[in-house]
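The structure appears right after this line, and notes come after that.
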Amino acid sequence: MTFERSKRRTVSLILVFITGILGLVVFFNFRSLALNDMHSSASNVHAADVSPVSDVYTDEVKTVLDQETGLPSCNVPYGELMSIVDDEPYTSCIFKDNELGDLIWEAAEYPLPSQHIVQAIENNLIDETQRTLLLAVVNHGMLEYTLNWIESLRRTQIEKYLVFAIDQELVDALTERGLGEHVVLIPDEWRHVEISGDFAKWKSTTYVPITHAKTLIVERLLYMGITVWFSDVDIVFLNPTIYNHILWNMKNRKDVHMVFQQETRQTSINSGFYLMRPTLVTKRILGRTIDLQDRHGNLTQQRVMNLVLSDMNQDYRNSPMLLLDFMQFPNGNIYFGAKLPTKLGFEPMMVHANYR
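Using the UniProt record's numbering, you'd call the opening residue of the sequence shown number 1 and step up by one each time.
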């Protein structure tokens, strides 16, 4: 009798346990459906408020005509164009910018520069597979900085680079020092405004056009299929493996189009040191940056580029942009001011002497 009672109690406990498990399954299924419904409703509200929209994770981005301009309109935020590839017939788009108004971008068509410039570029590619060109854009007022930059390249066994000179005086000065194969004069048709050859203080009236010129040069090179490794000349290179390190960072995550030095920790980039692949994403970013600087001449290139990039998907898992480590690629504030790399035992690959 006692055995039968114990047996019935055991069966009852098993039934209660099974019932509980089934109840949990039903609850979580219901919760999942409810969350999906909430997500769907939120998406519908977003679609109503910001039209048009689409799923950015699909392989195809659909376009619709903007009612005012008749141009294809972006149906995803500016930087979330990860599914658009270069061979798609998607050549124009209107972007919304809350601070600076509507911006229209169309893929540019530039003729090849002179044979002299083309040959200088080909002769100075540091990586023919990736077609990578290390370059700087400077005037004769920055001659001493430029010579210091070149010396740092020599010490790190970087033998190929190209200086785009704003004025003939810099071309002559470098040529006299036996560096003529590493310098070309910027063609007049590549300039949007007159640029001073004198040293320009930060944010002065002559400084802003010089920073603008840098963007114009890089954009032209991207349309030539060049992977651009841009460097200001107030930078010194310290490690011979710096290029391979940057390249490894780009290849370590899928669909990285550009790599930047950080300006402030994880919040803004420094436009004086970066590498860009010649893709539709980078061409759009520079095109929009140039458009803003043309229409708002008091803004520096770095501020404008950060405005453009702020619209981008910056999720570290799938963003087209990658930020370089602060300790290995420090700016002047981090290296000379806070002295963080030294205090923490890091040996930087380069040092940017800004904030001085």
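Glycine included, C-beta positions come from ideal geometry on N, C-alpha and C. This structure is a prediction, so every number in the text was calculated from the model and none was measured.
Residue i versus residue j - alpha carbon distance
| i | j | result |
| --- | --- | --- |
| Val-351 | Tyr-161 | 18 Å |
| Thr-227 | Thr-279 | 9 Å |
| Pro-113 | Ala-120 | 11 Å |
| Pro-341 | Trp-248 | 21 Å |
| Glu-151 | Glu-263 | 25 Å |
| His-182 | His-116 | 12 Å |
| Leu-129 | Lys-251 | Just to set this straight, residue 129 is Thr in the shown sequence, not Leu. For Thr-129 and Lys-251, the distance between alpha carbons rounds to 14 Å. |
| Ile-158 | Tyr-243 | 9 Å |
| Met-327 | Pro-348 | 6 Å |
| Lys-339 | Gly-225 | 39 Å |
| Gln-168 | Tyr-316 | 43 Å |
| Tyr-355 | Pro-187 | 31 Å |
| Pro-320 | Leu-292 | 21 Å |
| Glu-106 | Phe-336 | 42 Å |
| Ala-213 | Val-171 | 16 Å |
| Val-281 | Ile-334 | 30 Å |
| Leu-134 | Arg-155 | 16 Å |
Close Cβ partners of residue i (< 7 Å) along its chain, the five nearest in sequence each way excluded
| i | result |
| --- | --- |
| Leu-286 | Thr-215, Val-218, Glu-219 and Leu-222 |
| Pro-110 | The amino acid occupying residue 110 in the given sequence is Tyr; Pro does not appear at that position. Once the five neighbours on either side are set aside, the close Cβ partners of Tyr-110 are Arg-220 and Tyr-223. |
| Gln-266 | Leu-323 |
| Trp-202 | Because Trp-202 sits at a pLDDT of 45, beneath the cut-off of 50, its placement in the model cannot be relied upon, and the point is left open. |
| Gly-332 | His-352, Ala-353, Asn-354, Tyr-355 and Arg-356 |
| Phe-3 | Low confidence applies to Phe-3: its pLDDT is 49, below 50, so where it sits in the model is not reliable, and the reading given next is rough at best. So the list is empty, once near-sequence residues are dropped. |
| Trp-190 | Leu-216, Ile-217 and Arg-220 |
| Pro-89 | Since pLDDT at Pro-89 reaches only 37, below the 50 mark, its modelled position is unreliable, and the value read off the structure follows with that caveat. There are no such residues. |
Short Cβ contact (8 Å threshold) for residue i with residue j
| i | j | result |
| --- | --- | --- |
| Thr-146 | Val-256 | no |
| Leu-153 | Ala-173 | no |
| Ala-165 | Leu-185 | yes |
| Val-163 | Val-138 | yes |
| Phe-329 | Gln-261 | yes |
Residues near residue i by beta carbon distance below 8 Å, same chain, minus five either side
| i | result |
| --- | --- |
| Ile-246 | Trp-229, Val-259, Leu-275 and Leu-324 |
| Ala-108 | Glu-219, Tyr-223, Lys-283 and Gly-287 |
| Thr-175 | Val-183 |
| Ile-235 | Trp-149, Ser-152, Gly-272, Phe-273, Met-350, Val-351, His-352 and Ala-353 |
| Arg-177 | Leu-147 |
Own chain residues within Cβ distance below 6 Å of residue i, not counting five before or after
| i | result |
| --- | --- |
| Thr-132 | Ile-126, Thr-227 and Trp-229 |
| Ser-231 | Ala-136 and Phe-273 |
| Val-308 | Ile-285, Arg-288 and Thr-289 |
| Arg-277 | Thr-227 and His-257 |
Exposure of residue i, with buried meaning 16 or more beta-carbon neighbours within 10 Å
| i | result |
| --- | --- |
| Leu-344 | exposed |
| Asn-123 | exposed |
| Gly-141 | buried |
| Gln-253 | The question names Gln, but residue 253 in the sequence shown is Arg. By the 10 Å Cβ count, Arg-253 comes out exposed. |
| Asn-75 | Unreliable placement is indicated for Asn-75, whose pLDDT of 42 sits below 50; the coordinate value is still reported in the next sentence. Looking at its Cβ environment, which holds 16 or more other Cβ atoms inside 10 Å, Asn-75 is buried. |
Quick one: any contact between the stretch 267-282 and the stretch 296-315, if contact means 3 or more CB pairs under 8 Å? yes
Quick one: any contact between the stretch 288-298 and the stretch 231-242, if contact means 3 or more CB pairs under 8 Å? no
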